[in-house]
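K.L.:
I have a structure here, written as structure tokens, and I will follow up with some questions on it.
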Amino acid sequence: MPEWITWLFPDQASTIAPKVDWLYLALILVTGSVALLIFTLITVYSIRYRRRRIDQRGAHIEGFVPLELFWAVIPFLIFMGIFAWGGVIYYERSSPPKGTIDIYVVGKQWMWKLQHLEGPREINQLHIPAGYPVRLLMTSQDVIHSFYVPAFRIKQDVLPGRYTSQWFQATKPGRYHLFCAEYCGTEHSRMIGTIEVMRQEDFQQWIEAQRATQPMKSSGKEVFARLGCDSCHSSTDTPLGPSLHNVYQRKTSLKGGGSIVADESYLRESILNPADRIVHGYQSTMPTYRGQISDEQLNELIEYIKSLKR
Ligand code: CUA
């Protein structure tokens, strides 16, 4: 995008930002020029063809099909084009590439709690490296929030009771604003933070310096042991429960038909509402762990389950 136009927009600091801006600019140009044309014609014609004598009457017009087709079909094609263009960008921003850096986000009234897989936790601040795709796995402890970083052109609602996710790839080091974009109570406007995009080497140093904390999967292993999950879920399937080894991203048949890919959301649901979607061949014997485990512990537990490989 040329330099002269970028003053119109917030900092462009992600791979998707210029694409979003081009689309936005095209939309503004199309709608703006049509609006301008209409208002100009209204003004010019109302002066040019004003009534000059009291007995003056306008000519009777029956309609002209080719002209009407012209102004129906052309705008239709333009807007379908914009729809397709938007669809392509939407698809891209909804499908994270392989090998993302995953970050867990927990929103609450009124702060952002973030955790790296390596263990470090942050509040209202997130350190990430430039040039790497980052996926945010987000949930809320209370009401609906929305994770919004204007410089990355990303915004996604953060909902209680489930995961939503979004991804981005930051392009240049710097500090960028993080906002909550969903009205969530008295201090909504103060639910803000900073995304600290660092050069790869600096980020590596930063994360090394935080190593006093243990990785999420190790904390998750402790939660797994404390809750006694291993009495039913061992390394092989037993009549009590299926093995959780290699369960992540596996297609699983469900009791009563249908199947599901065991992603983070399904693992989360199976811990909080185990009776909802039971694996084919098992009974509904698992109790819910709702209320016994915080959102942060749940995230760690899920990271542990994801790490279980045969
Ligand atoms: Cu959280 Cu607004």
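Following the numbering used here from start to finish, the sequence shown increments by one per residue and tops out at 578.
C-beta: ideal position from N, C-alpha, C; glycine also.
Going by CA-CA distance only, name the one from K381, W339, A294 that's closest to I463.
P.N.:
The count along the sequence shown starts at 1 and reaches residue 463 at position 195. Comparing Cα positions, the closest option is K381.
K.L.:
E469: which of M459, P441, R318 sits nearest, CA to CA?
P.N.:
As a working mapping, residue 469 is identified with position 201 in the sequence shown. Ranking M459, P441, R318 by Cα distance to E469 puts P441 first.
K.L.:
Tell me which residues share the same chain as R545 and place their Cβ nearer than 6 Å to its Cβ, disregarding the 5 neighbours each side in the sequence.
P.N.:
Within the sequence shown, residue 545 is the residue found at index 277, counting from 1. Counting only Cβ-Cβ distances below 6 Å, and skipping sequence neighbours, we find L522.
K.L.:
Less than 8 Å separating the beta-carbons of M406 and S433?
P.N.:
Looking up residue 406 in the sequence shown gives position 138. Looking up residue 433 in the sequence shown gives position 165. Yes; because the gap between Cβ atoms is below 8 Å, this pair is in contact.
K.L.:
Tell whether a beta-carbon distance below 8 Å holds between M484 and E537.
P.N.:
Numbered from its first residue, the sequence shown carries residue 484 at position 216. Numbered from its first residue, the sequence shown carries residue 537 at position 269. No, they are not a contact pair.
K.L.:
Do M459 and the ligand CUA come close, with the Cβ less than 7 Å from some heavy atom?
P.N.:
Working through the sequence shown from its first residue, we reach residue 459 at position 191. Within the cutoff, so yes.
K.L.:
Applying the criterion that 16 or more other CB atoms from any shown protein chain within 10 Å of the CB defines a buried residue, is M459 buried or exposed?
P.N.:
Along the sequence shown, read from residue 1 onward, the residue named residue 459 stands at position 191. Counting Cβ neighbours within 10 Å, M459 comes out buried, since at least 16 surround it.
K.L.:
Going by DSSP in three states, A419 sits in which element: helix, strand or coil?
P.N.:
Counting from one through the sequence shown, the residue named residue 419 turns up at place 151. Helix, per DSSP.
K.L.:
Indicate the three-state DSSP secondary structure (helix, strand or coil) for A438 in the structure shown.
P.N.:
The residue labelled residue 438 in the question sits at position 170 within the sequence shown. If DSSP states are grouped into helix, strand and coil, A438 belongs with the strands.
K.L.:
Would you kindly work out how many angstroms separate the C-alpha atoms of C500 and G525, rounded to a whole number?
P.N.:
Counting from one through the sequence shown, the residue named residue 500 turns up at place 232. Counting from one through the sequence shown, the residue named residue 525 turns up at place 257. Each residue's Cα considered, the two are about 23 Å apart.
K.L.:
Distance, Cα to Cα, D279 vs Y292?
P.N.:
Working through the sequence shown from its first residue, we reach residue 279 at position 11. Working through the sequence shown from its first residue, we reach residue 292 at position 24. Using only the alpha carbons, I get a separation of about 15 Å.
K.L.:
Verify whether the separation of the beta carbon atoms of V402 and Q377 is less than 8 Å.
P.N.:
Numbered from 1 along the sequence shown, position 134 holds the residue referred to as residue 402. Numbered from 1 along the sequence shown, position 109 holds the residue referred to as residue 377. Contact: no.
K.L.:
Distance, Cα to Cα, P555 vs V356?
P.N.:
Position 287 of the sequence shown, counting from 1, holds the residue named residue 555. Position 88 of the sequence shown, counting from 1, holds the residue named residue 356. Spanning the two alpha carbons is a distance of roughly 43 Å.
K.L.:
Find the nearest neighbour of V529 within the set G453, V515, I539, Q478, judged by alpha-carbon distance.
P.N.:
Here residue 529 corresponds to residue number 261 of the sequence shown, with the count starting at 1. The shortest C-alpha separation from V529 is found at V515.
K.L.:
Can you check the stretch 297-366 for any alpha helix (DSSP H) of at least 4 residues that lies completely inside it and give the ranges in chain order?
P.N.:
Counting whole runs of 4 or more residues, the stretch 297-366 contains the alpha helix (DSSP H) stretches 333-362.
K.L.:
Where does S575 fall in DSSP's three states?
P.N.:
By 1-based counting over the sequence shown, the position of residue 575 is 307. Residue state, collapsed to three classes: helix.
K.L.:
Return the first residue and the last residue of the alpha helix (DSSP H) that V579 is part of.
P.N.:
Residue 579 is absent from the structure shown; the chain starts at 269 and stops at 578.
K.L.:
What are the boundary residues of the alpha helix (DSSP H) that M406 is part of?
P.N.:
As a first step, residue 406 is located in the sequence shown; it is residue number 138 there, counting from the start. From DSSP, M406 is part of no alpha helix (DSSP H) but of the beta strand (DSSP E) over 401-408.
K.L.:
Taking only heavy atoms of the ligand CUA into account, decide whether any of them is closer than 7 Å to the Cβ of G375.
P.N.:
Your numbering for residue 375 matches position 107 in the sequence shown. Flag set: Cβ of G375 near the ligand CUA.
K.L.:
Comparing alpha-carbon positions, which option in T368, P418, W353, V312 lies nearest F435?
P.N.:
Along the sequence shown, one-based indexing puts residue 435 at 167. One point to set straight first is that residue 435 is Trp, not Phe, in the sequence displayed. Cα-wise, what sits closest to W435 is T368.
K.L.:
Roughly how far, in whole angstroms, is the beta-carbon of E386 from the beta-carbon of I273, given that I think they are within contact range, below 8 Å?
P.N.:
Residue 386 sits at position 118 when you count from the first residue of the sequence shown. Residue 273 sits at position 5 when you count from the first residue of the sequence shown. Incorrect: roughly 39 Å between the Cβ atoms, too far for contact.
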